[in-house]
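Oh and the sequence shown: position 344 is 397 in the numbering used here, straight run, nothing missing. From the three backbone atoms N, C-alpha and C, an ideal C-beta is built for every residue, glycine too. Below: one structure, written as structure tokens.
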Amino acid sequence: MSHTNDEPIAPIDTEMHEDADLSVADSVTEKEPTPARDKFLFIIERRPGVANRHLFALYAVITSVFLFGSFWGGSQQFVLQHYLHIPRGKEGQSLAIMQMWTEIFVLPSTMVMGAVSDAIGSRIPIYVFGLSGMALGIAGCMIANTLALLTICKVMFQVGITASLGMNLASLGDYVADTDRGKATGLFGLCMAAGQLISNFVFMKLPHWFATANNGYLTTTQAGILSFAIVSLLAICMTVVSATLLHRGVAYMKYQQSTQENTDFELLEEEESPGVEPPKPVKLTIIQKLKNVFSAFIAGVLAARNPLIFLGLLGGIVAHADAAVGSFISMWVNQDMQAKGASETEALAFAGTMLGLSQVFNIGTSPVIGFVIDRINRVYMVIITAVVSLIAYYSMFFLSDATTTWMLVIIVFVSIGNTGVTVSCNVLLADASKNEERGAVMGLYKLLGSLGMFGAAVVGGYLFDYRHWSPFAFIGGFNTILTIVAIVVAIITRNK
54 MSHTNDEPIA PIDTEMHEDA DLSVADSVTE KEPTPARDKF LFIIERRPGV
104 ANRHLFALYA VITSVFLFGS FWGGSQQFVL QHYLHIPRGK EGQSLAIMQM
154 WTEIFVLPST MVMGAVSDAI GSRIPIYVFG LSGMALGIAG CMIANTLALL
204 TICKVMFQVG ITASLGMNLA SLGDYVADTD RGKATGLFGL CMAAGQLISN
254 FVFMKLPHWF ATANNGYLTT TQAGILSFAI VSLLAICMTV VSATLLHRGV
304 AYMKYQQSTQ ENTDFELLEE EESPGVEPPK PVKLTIIQKL KNVFSAFIAG
354 VLAARNPLIF LGLLGGIVAH ADAAVGSFIS MWVNQDMQAK GASETEALAF
404 AGTMLGLSQV FNIGTSPVIG FVIDRINRVY MVIITAVVSL IAYYSMFFLS
454 DATTTWMLVI IVFVSIGNTG VTVSCNVLLA DASKNEERGA VMGLYKLLGS
504 LGMFGAAVVG GYLFDYRHWS PFAFIGGFNT ILTIVAIVVA IITRNK
């Protein structure tokens, strides 16, 4: 029946419709993008509560950590020869002994530091501990006159740098929004390279500059002591920076926790009877976290049944073994320079220049590797970069003088191969592992990498005293095994 003028018409509930319109608008409205002026360096969005000064301090600390690590590795030949008077032909053995004792302390600390950081809810104490350890280790080189004392210094330094390195990427996750994590990691890589370049081109040359200033006013011993004092003082300054300028807590974790608690409370009010309190978050003890670490280790081992994950883990061992060659290169260049009549400080400065130039080329090729790896099969990239590394390592058999341009060319290709294997295997593991096992797999990757570095440093140290090229051939064998396994995995998975 049609309406007549006498029939009442139901009133329209305008308030209800307005609310509905608002709710629909809210549901479709996306979060407005953060203006560039409110981002760090105009490109990186910060977590809630994180200021630009916090990120400036964090990247300064990251740069300094790699600076100190590069300086330590490059200066060991100078310390062994000038302060400890280790005879020629025994330096490699001395490095092997120090590395063996160092890893005994470093491996447990690697597993503990992350759990401790999560338990206390802040990265700052770990950074302070790590930078303090590096400062003490570097300062101890000024008075180290026995191998035992130098080993103690190396343990302090290595435990410190291991603790700090473990906090770097974790801190970026705390400070930077997920959407800009890639940009933040790219800037992290630039800071890493910058720290190494500053060490090689500036700080490793300090002993030579001081020894030759004012017509040799300072002796070589005094120049070395002054150089180590400056670097250790810089480490102390960075310790103060980390204690005072980094963010006081894990900002986003606290923000997320408070938000989650509020959400849970509201849901309980709607679904449960009044008076029911929301469950309190369970805080794990350090012992419980260590048990979780062990469980994660087992989960990572089980995940390695996947051929792609197995290849990525093997690549981690090889990549970290490659990282141990820096000290051997510096020692070889030092000895050949002194055989030509150079002083100890001149040899140290020249070794720094060689390593610095190789790092410059490596910076240029790293973006190319990142570009290519997104466009070809990950396994094929492992094969290509491992072949580059093994050819470069085996080429050192034909090298009679480590101060020539050929040595620089070989070092460049070693760096390119090492970077390629590292990036390829990290991406391979991230792609091949499931979400629930990815953390366990990456934890196992780090542990096996430490064992690879330990084996390369200890065995390579003894081999270096036999023939200077032999530790490089040994690590080239690692890359040969990786190449063979990668080819097998490529055949197995080609139809998957």
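- The C-alpha of Phe525 lies about 44 Å from the C-alpha of Arg100.
- Boundaries of the alpha helix (DSSP H) harbouring Asp389: 378 to 392, taken from the DSSP string.
- In this structure, the straight-line span from the alpha carbon of Leu148 to that of Leu516 is close to 11 Å.
- Judged by beta-carbon spacing, Gly508 lies beyond the 8 Å limit of Gln146, meaning their Cβ atoms are not closer than that value.
- Taking every protein chain shown into account, the CB of Ser442 has 16 or more other CB atoms within 10 angstroms, so this residue is buried.
- Classified as buried, Asp227 has 16 or more neighbouring CB atoms from the shown chains inside 10 Å of its CB.
- Here Asp231 is exposed. Its C-beta has fewer than 16 other C-beta atoms within 10 Å.
- DSSP, reduced to helix, strand and coil, places Arg99 within a strand of the structure shown.
- Taking one beta carbon from each stretch, the stretch 392 to 409 and the stretch 150 to 157 have fewer than 3 pairs nearer than 8 Å; the two do not touch.
- Contact check for Val159 against Val103 fails: the beta carbons are separated by 8 Å or more.
- The Cβ neighbour count for Leu286, taken over all protein chains shown within 10 Å, is under 16; the residue is labelled exposed.
- Annotation: His300 to Ile179 spans about 13 Å, alpha carbon to alpha carbon.
- Exposed is the label assigned to Val541, since fewer than 16 other Cβ atoms lie within 10 Å of its Cβ.
- Val229 is bridged by DSSP to Arg99.
- Annotation for Met187: the continuous alpha helix (DSSP H) segment containing it runs 177 to 193.
- Separation of Asn221 and Ala377 (C-alpha to C-alpha, rounded to the nearest whole angstrom) is 21 Å.
- Contact annotation: the stretch 459 to 477 does not touch the stretch 395 to 405, with fewer than three C-beta pairs closer than 8 Å.
- The shortest C-alpha to C-alpha distance from Thr536 to any of Ile278, His135, Met434 is the one to Met434.
- Between Met195 and Phe281, the beta carbon gap of about 5 Å places them in contact (Cβ cut-off 8 Å).
- Its chain contains Ile469 as the residues whose beta carbon lies nearer than 6 Å to that of Thr418, once the 5 sequence neighbours on both sides are disregarded; these appear in chain order.
- Val181 and Glu98 have their alpha carbons spaced roughly 26 Å apart.
- If you look at Asn479, you'll find it in the alpha helix (DSSP H) that goes 458 to 485.
- Taking all protein chains in view, the Cβ of Leu482 is crowded by 16 or more other Cβ atoms within 10 Å, so the residue is classified as buried.
- A distance below 6 Å between beta-carbons, with the five flanking residues on each side excluded, links Ala543 to the following residues of its chain, in chain order: Val432.
- Partner residues in the beta bridge of Phe93, as assigned by DSSP, are Ile97.
- Classified as exposed, Cys290 has fewer than 16 neighbouring CB atoms from the shown chains inside 10 Å of its CB.
- Taking the Cβ atoms as the reference, Ala445 lies roughly 18 Å from Asp389, outside the contact range of under 8 Å.
- Judged by their CB atoms, Ile96 and Lys236 are nearer to each other than the 8 Å cut-off.
- It is roughly 44 Å from the alpha-carbon of Asn387 to the alpha-carbon of Ile351.
- If you check the CB distance, Ile426 and Ser477 come in under 8 Å.
- Using a 10 angstroms sphere on the CB of Ile177, the tally of other CB atoms reaches 16 or more, which defines it as buried.
- Bounds of any alpha helix (DSSP H) do not take in Trp522, whose DSSP letter is neither H nor E.
- Contact annotation: Ser252 and Phe124 have beta-carbon atoms nearer than 8 Å.
- Where Thr273 is concerned, the enclosing alpha helix (DSSP H) starts and stops at 273 to 297.
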